[in-house]
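For the sequence shown, UniProt numbering begins at 1 and goes up steadily by one. C-beta atoms are modelled at their ideal positions from N, C-alpha and C, and glycine is treated no differently.
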Amino acid sequence: MEEDLWSDSLAISSGVVARKDLIHCVGRGNKTRFWEDHWVEGHILKVSFPRIFTLAIHKSGPVCNFGFWEDGQWNWDVKFRRRLFDWEVEQYEAFSSLLNSMMLVASNDDKVVWSFESSDKFSSKSFGYEVENLNYHGNPLLSSIWKFKVPPKARLLCWQVLSSKLPIRAFLSRIGVISENQRECPLCKGNVETIDHLFVHCKISLSIWWALVEGWGCMWVTPRSITDLFIWWKDMAKDIKCKEVWFMSFFSVLLHIWEARNKAVFSEKEVSSSQIIDLVKRPFQWCPPEDGSLKFNVDGSATGKPGLAGIGGLLRNSEGVVLAMFSIPVGIMDSNVAEVLALKEACKMLNKKVELNSVKIVIESDSLNAVSWTHAPIKRPWRLLPYFQKVDIFLSSCSSHSAIHVHRECNSDADKLAKDGGHRTSPLTIWKDD
């Protein structure tokens, strides 16, 4: 993922993030370009030493091609096409001094670090800050993209779309990469592919937006541009209950349209609007398990912090048939405890069914805390430790048993059972065959 993002950021033609902001830490020197990459701190060699670069015989290649190992020591060996003139010696000496300050390590791989993060890892947040500070300071629309809780790749694509930094066919034709008769939209094959056409007005894209907007029960008119659509989407969020899902669906549509476009261009594969709609909705819908396996969705609910609480869950097969369920009042507690109790109850029920020990079973919860504590015992709050005994037994009884986190929208049935459980006077636990 990080490599893809860095490649995308470097491909942005505006140069918002220059190559010097990606620092190459050289090990054996086989993955870092000697002249072009920023591996000597503060310098890209062909820029800092233009005369030396002009004189060099080899103007491309990795660092390891510009020297040799001898008795375990690295020796630089940059070859020139002629002897240096006196007035070139000063630059050469500075060049040589800089190289000699660099040590190669034969046992280490080269790596790339992101200079705007102390962790050295790329983050869309720091990338967004750099974009804002360098080129788009004062443009709140573009700056706002980096604040959304969506995958970094989706934010980066949205920024490229709204700032017209994608290699669309109309642009490629204008700079002479392709001819004018190759400008048609690869999705509808009817109009010139511009950013606004591809992401809004193409009949494939437009049908996706219409289906999505109508699914939310909203009224709209076709916007003139993708920028207008983004502004409208942000404004409408004020009246939308599930704002996070509302925004995620916008970014998801952009991503899937772009992926469908690239499949049509590079693989000659056609993707229908209904297929893209399914892809957009899939993260927010319950999906049945694969054939022969089971899925247990669980949830915990509390009306306060703490408050009246209940837990609920249901076990289903690959056809969506309910095999078991529970809806249980658990007294006064906070939601974190209720979520863990829901996991415990599901595992307790499953542990009693010996015939299920070898069956692949996935427990799904919309509590990120509960699931993360399941996988990292050392992080479990001490007060909740006793509740995890049944969970640990379930997970250790079979390698195909697991617990994963899902979106709240994928867990709506369990959520309803949990809320109902909070108002019950007695617990409800049902096995279909009992």
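Does the beta carbon of residue i come closer than 8 angstroms to any beta carbon on chain B?
i    : result
N317 : Within the model displayed, chain B is absent; a lone protein chain is all it includes.
Under DSSP, the alpha helix (DSSP H) around residue i begins and ends at which residues?
i    : result
H423 : No alpha helix (DSSP H) contains H423, which DSSP labels as neither H nor E.
P152 : P152 to L162
A170 : R169 to R174
V89  : D86 to N100
Q275 : S273 to K281
D228 : I226 to M236
T54  : P50 to L55
S143 : P140 to S144
With a threshold of 16 other CB atoms inside 10 Å of the CB of residue i, please say whether the residue is buried or exposed.
i    : result
W146 : buried
T54  : exposed
Q73  : exposed
R424 : exposed
K111 : exposed
A376 : exposed
L385 : exposed
F296 : buried
L141 : exposed
F85  : exposed
A418 : buried
G313 : buried
M219 : exposed
V354 : exposed
M103 : exposed
T32  : buried
K165 : buried
Q389 : exposed
D299 : buried
I378 : exposed
V105 : exposed
A370 : buried
V89  : exposed
P152 : buried
G61  : exposed
Could you spell out the range, first to last residue, of the beta strand (DSSP E) harbouring residue i?
i    : result
F250 : Careful: F250 lies outside any beta strand (DSSP E), inside the alpha helix (DSSP H) at K243 to N262.
L314 : G307 to R316
E184 : Taken as a continuous stretch (DSSP letters only), E184 belongs to no beta strand (DSSP E), as it is neither H nor E.
G215 : Note, G215: premise wrong, no beta strand (DSSP E); alpha helix (DSSP H) at K203 to G215.
K165 : K165 -> no beta strand (DSSP E), and no H or E assigned at all.
F68  : G67 to E70
W220 : No beta strand (DSSP E) holds W220; DSSP gives it neither H nor E.
W76  : Q73 to W76
Tell me, which residues are paired with residue i by DSSP?
i    : result
R33  : P62
V40  : H43
V406 : For V406, which the question treats as bridged, DSSP gives no partner whatsoever.
D299 : G312
K111 : C25
L294 : I361
V80  : For the sequence presented, residue 80 should be read as Phe rather than Val. A56, per the DSSP bridge assignment.
V177 : Its beta-bridge partners do not exist; DSSP assigns none.
V192 : E184
W431 : A324
Check whether the Cβ of residue i sits closer than 7 angstroms to any heavy atom of the ligand COA, and report yes or no.
i    : result
V150 : As for the ligand COA, it is missing from this structure, which has no ligand bound.
Go through the segment 320-401 residue by residue and report every complete run of the beta strand (DSSP E) that reaches 3 residues or more, in order. 322-333 and 361-365
Inter-stretch contact (C-beta, 8 angstroms, three-pair minimum) for the segment 353-372 and the segment 405-414: yes
Check whether the segment 197-204 and the segment 174-184 are in contact - that is, three or more C-beta pairs closer than 8 angstroms. no
With contact counted as at least three CB pairs below 8 angstroms, one residue from each stretch, are the segment 165-177 and the segment 267-275 in contact? no
Per the contact definition of three or more C-beta pairs closer than 8 angstroms, is the segment 285-292 in contact with the segment 191-200? no
Are the segment 327-334 and the segment 389-402 touching by the rule of at least three beta carbon pairs closer than 8 angstroms? no
Do the segment 253-260 and the segment 305-322 meet, that is, are 3 or more Cβ pairs less than 8 angstroms apart? no
Within the chosen definition, does the segment 260-271 reach the segment 155-164 through at least 3 CB pairs nearer than 8 angstroms? no
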